[in-house]
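First up is the structure itself, then whatever we jot down about it.
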Amino acid sequence: MVGVNQKSIDELRARLRGPLLVPGDSEYETSRTVWNAMIDRRPALVARCLGIADVATGLRFAREYGLPVSIKGGGHNVAGLATCDEGLMLDMSLMRGVWVDPQARTARAQAGCLLGDVDRETQVHGLATALGFISNTGIAGLTLGGGFGYLTRRSGWTSDNLSAVDLVRGYALVACNDEAERAVVGAVGLGSDLVAEPLHPASERLPVSLAPEMDPVPDLTGRPQRIAHIQQAVENVHIGHPLKILA
Ligand SMILES: Cc1cc2nc3c(=O)[nH]c(=O)nc-3n(C[C@H](O)[C@H](O)[C@H](O)COP(=O)(O)OP(=O)(O)OC[C@H]3O[C@@H](n4cnc5c(N)ncnc54)[C@H](O)[C@@H]3O)c2cc1C
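To convert, take the position in the sequence shown, counting from 1, and add 171; that gives the numbering used here.
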């Protein structure tokens, strides 16, 4: 890592609330690992962020020293874009808070949340939003890529259900809550520190009940009661809010 001395690293560590890992630290290997085991990149530094301030501090440091930056949400990107060689990785995996507002039918979730984290908290209120099929995928990367799952045919892509993000652009935090700005988030690919998503009433059996409707089994003959049950479950799902309502 050219141009970064130990003193600068110590100063960065002192400014961060979360741990700063270097090769050899006990959590370094776990932190740098991504879902695709063929990817074996070794960041020079891993900042395990505990909040927006840590994200901004990390980005400022990387800009100052011209370091490559990667951001790890759930680490499921197959190309391994969450990690990098000889740069700074911002690891969001300690930021997994979810706050549900059942009256407003929105949830705020931190950038390190996995899909299962959000589902677990929203289901307490009988609510759900359009996420992906696999619970240990990250919400941040999934939303930035669009996001397709059980509720998509009813409620749109995950990104359609996104109503606001906190966007860290280098030094500053920018509230990002209209359609144009969300498009920037997608294009620039920075931020997504907090995600708010509209929620829809969901039956407890929803994922199981919806699956046959999305991928019809060819031979449903002789199973009218099951079909009726599925249709009833689908009717119970509130159709999601399109983007124009949210903007
Ligand atoms: C087993 C598996 C199942 C999947 N199932 C589905 C599915 O059902 N539906 C679906 O739509 N997709 C699915 N995907 C694809 C998945 O949505 C994408 O791979 C997505 O990028 C994963 O997001 P992540 O946060 O887990 O990944 P990461 O690798 O952590 O991040 C993906 C990209 O987003 C960037 N990023 C992450 N967090 C932030 C942030 N806070 N700010 C800025 N950039 C950030 C990363 O730098 C990276 O470029 C699946 C992938 C796998 C491997």
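Think of the CB as a built atom: it goes at the ideal place given N, C-alpha and C, for glycine as much as any other residue.
| said: Tell me the DSSP secondary structure of Ile180 in three-state form. | reply: One-based indexing of the sequence shown puts residue 180 at position 9. Ile180: helix per DSSP, three-state reduction.
| Using a threshold of 6 Å, is the CB atom of Asn332 nearer than that to any non-hydrogen atom of ligand 1? | Locating residue 332 in the sequence shown gives position 161, counting from the first residue. Flag unset: Cβ of Asn332 not near ligand 1.
| said: Taking its Cβ as the centre, do 16 or more other Cβ atoms sit within 10 Å of Gln177, making it buried, or is it exposed? | reply: To locate residue 177, count along the sequence shown from 1; it is residue 6. Exposed is the call here.
| query | From what residue to what residue does the alpha helix (DSSP H) around Val226 run? | reply | Indexing the sequence shown from 1 puts residue 226 at position 55. The continuous alpha helix (DSSP H) containing Val226 extends over residues 223 to 236.
| request: Measure the alpha-carbon distance for Met260 versus Leu298 and round it to whole angstroms. | output: Position 89 of the sequence shown, counting from 1, holds the residue named residue 260. Position 127 of the sequence shown, counting from 1, holds the residue named residue 298. Near 34 Å, if we compare the C-alpha coordinates of Leu298 and Met260.
| Which residues mark the beginning and the end of the alpha helix (DSSP H) in which Arg324 is found? | Here residue 324 refers to the residue found at position 153 of the sequence shown. Element bounds for Arg324: 323 to 326.
| said: Alpha carbons only, please: which of Ala282, Gly283, Asp256, Leu302 is nearest the one belonging to Arg212? | reply: In the sequence shown, the residue the question calls residue 212 occupies position 41. For Arg212, the nearest C-alpha among the options comes from Asp256.
| Rounded distance between the beta-carbons of Leu315 and Gly303, thought under 8 Å | For this step, residue 303 is matched to residue 132 along the sequence shown. For this step, residue 315 is matched to residue 144 along the sequence shown. About 12 Å; that fails the 8 Å criterion.
| Minimum C-alpha distance to Glu198 - residue among Asp290, Gly317, Ser264, Thr293 | Counting from 1 along the sequence shown, the entry for residue 198 is found at position 27. Glu198 has its Cα closest to that of Ser264, out of Asp290, Gly317, Ser264, Thr293.
| message | Please identify the residue among Ile180, Lys243, Arg279 whose C-alpha is closest to the C-alpha of Glu235. | response | If you number the sequence shown from 1, residue 235 lands on position 64. Among Ile180, Lys243, Arg279, the Cα nearest to that of Glu235 is on Ile180.
| field | Sequence-distant residues of its chain with Cβ nearer than 8 Å to Ala224 (five each side left out) | value | By one-based count along the sequence shown, residue 224 stands at place 53. Same-chain partners within the cutoff: Arg188.
| Whether Ala301 touches Thr329 by CB criterion (7 Å) | Residue numbering aside, residue 301 sits at position 130 when the sequence shown is read from its first letter. Residue numbering aside, residue 329 sits at position 158 when the sequence shown is read from its first letter. It is a contact, given that the beta carbons lie within the stated cut-off.
| request: Using three-state DSSP, classify Gln281 as helix, strand or coil. | output: Stepping through the sequence shown from its first residue, residue 281 is reached at position 110. In the structure shown, Gln281 sits in a strand (DSSP, three-state: E or B).
| Does the separation of the CB atoms of Pro214 and Gly258 fall below 7 Å? | Numbered from its first residue, the sequence shown carries residue 214 at position 43. Numbered from its first residue, the sequence shown carries residue 258 at position 87. Contact flag set, yes.
| request: Ignore the nearest five residues each way along the sequence and tell me which others in Val295's own chain have a CB closer than 8 Å to its CB. | output: Numbered from its first residue, the sequence shown carries residue 295 at position 124. Val271.
| field | Residues of its chain near Pro273, where Cβ-Cβ distance is below 7 Å and the 5 sequence neighbours each way are ignored | value | Translated into positions along the sequence shown, residue 273 becomes position 102. His296, Leu298, listed in sequence order.
| message | Following a CB-centred definition, is Leu252 positioned closer than 6 Å to any heavy atom of ligand 1? | response | Locating residue 252 in the sequence shown gives position 81, counting from the first residue. At least one heavy atom of ligand 1 falls within 6 Å of the beta-carbon of Leu252.
| Given that a residue counts as buried once 16 or more other Cβ atoms are within 10 Å of its Cβ, and exposed if not, what is Arg291? | In the sequence shown, counting from the first residue as 1, residue 291 sits at position 120. The residue in question, Arg291, is exposed, as its Cβ has fewer than 16 Cβ neighbours within 10 Å.
| query | What are the residues that DSSP puts in a beta bridge with Val217? | reply | For the purposes of this step, residue 217 is identified with residue 46 of the sequence shown, where counting begins at 1. Paired residue(s): Leu192, Met260.
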